[in-house]
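> Top line first, the protein sequences correspond to chains A and B. Heads up, the first sequence is in my numbering, so the first residue is 121 and it goes up one at a time. Heads up, the second sequence is in my numbering, so the first residue is 121 and it goes up one at a time. Yeah, the Cβ is synthetic: ideal placement off N, Cα and C, and Gly gets one too. Here it is, the structure in full.
Protein chains: 2
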Amino acid sequence: MYVIIVYDVNVARVNKIKSFLRKHLNWVQNSVFEGEVTKAEFERIKDGILRIIDEDEDSVIIYRFPLDFVPKREILGIEKNPIDDII
Amino acid sequence: MYVIIVYDVNVARVNKIKSFLRKHLNWVQNSVFEGEVTKAEFERIKDGILRIIDEDEDSVIIYRFPLDFVPKREILGIEKNPIDDII
């Protein structure tokens, strides 16, 4: 499946969540990651996020799409971080 | 069509872009808006964003989906802003 993850976490946990997500997904913008993952990877990513965030303070949105559905993305302004193929 | 918009703009322009997007879409998280729009509305939104942002400094990602395709959303942690039906 294809996922887009957007996080809004306390600055104390930003680096932690960013480096965790970089291991699994492509960095698209400051707080946005996306990529194709298996169901097992997806569960690992969710578990990892839950271990890092404070569920009473932070918020992480996960959008999930069917396999091979890659959403159309358009960027206005600068492309903060070009997609690199970490996967 | 359904759109998700994530912005990463200089703090000087955050309130401006937020209040602009609130007129057209639903606020999902700190810097994330989404909603169903017509093609004409979509063009107005893009024009509005381009008038507000500094294209050399800010970055706005627009994901676009076919009509009636509403992506599955899951939130880990707190729901920073419950969807309200502005539209």
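(1) By a C-beta neighbour count over all protein chains shown, 10 Å radius and 16 as the cutoff for buried, is Glu154/B buried or exposed?
(2) Mind listing the chain A neighbours of Gly155/B? Cutoff is C-beta to C-beta under 8 Å, in chain order.
(3) Given a limit of 8 Å on CB to CB distance, which residues of the stretch 168-196 of chain B reach chain A?
(4) Return no unless some Cβ of chain B is closer than 7 Å to the Cβ of Asn150/A.
(5) In chain A, which residues lie less than 8 Å from Val126/B when you measure between Cβ atoms?
(6) Which runs of the beta strand (DSSP E), 3 residues or longer, sit entirely within the stretch 126-189 of chain A?
(7) Spatial neighbours of Ile172/B within its chain, please: CB distance less than 7 Å, with the 5 preceding and 5 following residues excluded, ordered by chain position.
(8) Alpha carbon to alpha carbon, what distance is there between Gln149/A and Ile182/B?
(9) Chain A partners of Glu199/B, CB-CB under 8 Å?
(10) Pull up the DSSP beta-bridge partners for Lys192/B, would you.
(11) Okay, do the stretch 158-173 of chain A and the stretch 190-197 of chain A touch, 3+ Cβ pairs below 8 Å being the bar?
(12) How would you list, in chain order, the residues of chain A whose beta-carbon sits under 9 Å from the beta-carbon of Lys166/B?
(13) Quick check on the burial criterion: 16 or more other C-beta atoms within 10 angstroms. Buried or exposed for Asp128/A?
(14) Under the rule that 16 or more other beta-carbon atoms within 10 Å means buried, what is Val131/A, buried or exposed?
Per the coordinate set shown:
(1) buried
(2) Going along chain A, no residue has its Cβ under 8 Å from Gly155/B, so there is no contact; the nearest lies around 14 Å.
(3) Ile169, Leu170, Ile173, Asp174, Glu175, Asp176, Glu177, Asp178, Ser179, Val180, Ile181, Ile182, Tyr183, Arg184, Phe185, Pro191, Lys192, Arg193, Glu194, Ile195 and Leu196
(4) So yes, Asn150/A belongs to the interface.
(5) Val126, Gln149, Ser151 and Val152
(6) 146-149, 152-156 and 179-185
(7) Arg133, Lys136, Ile137 and Phe140
(8) The straight-line gap from Cα to Cα measures roughly 11 Å.
(9) Ser179
(10) Arg184/A
(11) no
(12) Glu194 and Leu196
(13) Buried is the label assigned to Asp128/A, since at least 16 other Cβ atoms lie within 10 Å of its Cβ.
(14) Classification for Val131/A: exposed.
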